[in-house]
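J.: Chains D and B, in that order, are what the protein sequence lines are. Residue 45 in full-length UniProt numbering sits at position 45 of the first sequence, with consecutive numbering throughout. Residue 117 in full-length UniProt numbering sits at position 117 of the second sequence, with consecutive numbering throughout. Beta carbons are placed, not taken as given, at the ideal position from N, Cα and C, and that holds for glycine. All figures in this text were calculated on a predicted structure; none of them were measured in a lab. My questions all concern the structure below.
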Amino acid sequence: MLGLDADRLRADLNRLLAFLFHQGILDEQYLQLQQLQDESSPNFVSEVVNIYFHESEKLLRNLRSLLMDREFSDYDKMGIHLNQFIGSSSSIGAKRVRNVCVAFRAASDQSNRAGCLRALELLEHEYCILKNKLHELFQIEQQRLLAAGVRYPMLN
Amino acid sequence: MAHTLPSGDQASDQDKWDSGGLECNQQLLIEIVMRNRLIALVVDGDTTCWVLEQELLHSYGVQTLDVDNSRDAVDLIASNAEFNLIIIEKIIPVLNGLEVTRQIREIGVRCKMLEVTACSGESERQAFLATGVDVFIEKPLDPEHLVPILRELDRQ
Chain D
1 MLGLDADRLR
11 ADLNRLLAFL
21 FHQGILDEQY
31 LQLQQLQDES
41 SPNFVSEVVN
51 IYFHESEKLL
61 RNLRSLLMDR
71 EFSDYDKMGI
81 HLNQFIGSSS
91 SIGAKRVRNV
101 CVAFRAASDQ
111 SNRAGCLRAL
121 ELLEHEYCIL
131 KNKLHELFQI
141 EQQRLLAAGV
151 RYPMLN
Chain B
1 MAHTLPSGDQ
11 ASDQDKWDSG
21 GLECNQQLLI
31 EIVMRNRLIA
41 LVVDGDTTCW
51 VLEQELLHSY
61 GVQTLDVDNS
71 RDAVDLIASN
81 AEFNLIIIEK
91 IIPVLNGLEV
101 TRQIREIGVR
111 CKMLEVTACS
121 GESERQAFLA
131 TGVDVFIEKP
141 LDPEHLVPIL
151 RELDRQ
């Protein structure tokens, strides 16, 4: 029955959100995003998160490209990328990604190339976890809305 | 969200604010903003952040104009565009936030300026406050910081 499926999916959604908060993957800023979503912008959360994914992957490519350059010494440029990553991660509530970026920036401020490389590996790992979990969240939400009889646009 | 034009005066607004709950206060704040037709300039090079900042401001009825670099911000202000509030990110393309803040104040702009940034130390905070920024906060821009500013703009 549609109603029961929607309820079950709602429970799954709440469980996943609770897990993400408990693990520190998301913080209360994510709830702020949800509060900004309404009838006039019904897909706001998924749209802004997709923008975040697109921008973050550019930043990760830039950071890796900088560090893979044997002649690399422009830690100021790295700091600019990291500042942007910290800001955008804070803005969507991506707490663990943000914290890794802060540690990465500390290594960059000290011109510590080995520390930066370690931080980049960890950042790519944390970003991957975040992206997978948020995709899972949006999929459950999509299924819940379908089960409740609401049309929902496909995500990119 | 449907907005209605206010009918009360500012003294009764205070009574309503003090006695109202969260949802009531948000509606009251929207009425205040709509009465004053507040407009904000958002200067942020990061798409995720300015989408969120813009949506947060819109949720309180503030109109926004967004630019992603300091050159466009200064040109806009130099062309006599007027704003009640300017929100600037510390690190933006062309000129940094500190320099663009200085230039905006030198043009003669006296409206409220709010600096938002990912991470900063106390010395940076003091440097920005010395150039004429009114409020300096770490991202994300949130209702806790925005609401007192909007209420102060109403009192002015």
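So is residue 134(B) in contact with chain D if we call contact Cβ pairs under 8 Å?
T.: no
J.: Using a C-beta to C-beta distance shorter than 9 Å, which residues of chain D count as neighbours of residue 56(B)?
T.: By Cβ distance, chain D contributes 32, 36.
J.: Rounded to whole angstroms, how far is the Cβ of residue 116(B) from the Cβ of residue 137(B), which I believe are closer than 8 Å?
T.: 6 Å
J.: Tell me the start and end of each unbroken alpha helix (DSSP H) in the UniProt domain "HPt" (41 to 137) of chain D that is at least 4 residues and wholly inside, in chain order.
T.: 44 to 68, 75 to 92, 95 to 109
J.: Does residue 68(B) have its Cβ less than 8 Å from a Cβ in chain D?
T.: no
J.: Compare the C-beta of residue 129(D) with all C-beta atoms of chain B and state if any pair is closer than 8 Å.
T.: no
J.: The beta strand (DSSP E) that contains residue 83(B), what's its start and end?
T.: No beta strand (DSSP E) holds residue 83(B); DSSP gives it neither H nor E.
J.: For a cutoff of 8 Å on Cβ pairs, would you count residue 52(D) as touching chain B?
T.: yes
J.: Between residue 47(B) and chain D, is any beta-carbon pair separated by less than 8 Å?
T.: yes
J.: With a threshold of 8 Å between beta carbons, is residue 150(B) in contact with chain D?
T.: no
J.: According to a CB-to-CB cut-off of less than 9 Å, which residues of the stretch 83 to 98 of chain D neighbour chain B?
T.: 83, 84, 85, 86, 87, 88, 89, 90, 91, 92, 93, 98
J.: Taking the alpha-carbon positions, what's the residue 90(B) to residue 98(B) distance?
T.: Distance from the CA of residue 90(B) to the CA of residue 98(B), rounded to the nearest whole angstrom, comes to 7 Å.
J.: Does chain D have any CB closer than 8 Å to the CB of residue 51(B)?
T.: Taking Cβ atoms only, chain D reaches closer than 8 Å to residue 51(B), which makes this a yes.
J.: Can you pull the chain D residues whose beta carbon is under 8 Å from the beta carbon of residue 123(B), in chain order?
T.: The contacting residues do not exist; residue 123(B) stays about 14 Å from chain D at best.
J.: Among the residues of its own chain, which have a CB less than 6 Å from the CB of residue 105(B), if the five just before and after it don't count?
T.: 132
J.: If we cut at 8 Å on Cβ distances, does residue 91(B) have a partner in chain D?
T.: Judged by the 8 Å Cβ criterion, residue 91(B) is in contact with chain D.
J.: Residue 176(B) versus chain D: which residues are under 7 Å apart at the beta carbon?
T.: The displayed coordinates of chain B run from 1 to 156. Any statement about residue 176(B) would go beyond what the structure contains.
J.: Checking the sheet assignment: what are the DSSP bridge partners for residue 38(D)?
T.: DSSP lists 41(D) as the bridge partner or partners of residue 38(D).
J.: Using a Cβ-Cβ cut-off of less than 7 Å, list which residues of the stretch 66 to 83 of chain D approach chain B; keep chain order.
T.: 80, 83
J.: Where residue 145(D) and residue 109(D) are concerned, what is the direct C-alpha to C-alpha distance, given to the nearest angstrom?
T.: Rounded to whole angstroms, residue 145(D) to residue 109(D) spans 46 Å at the Cα level.
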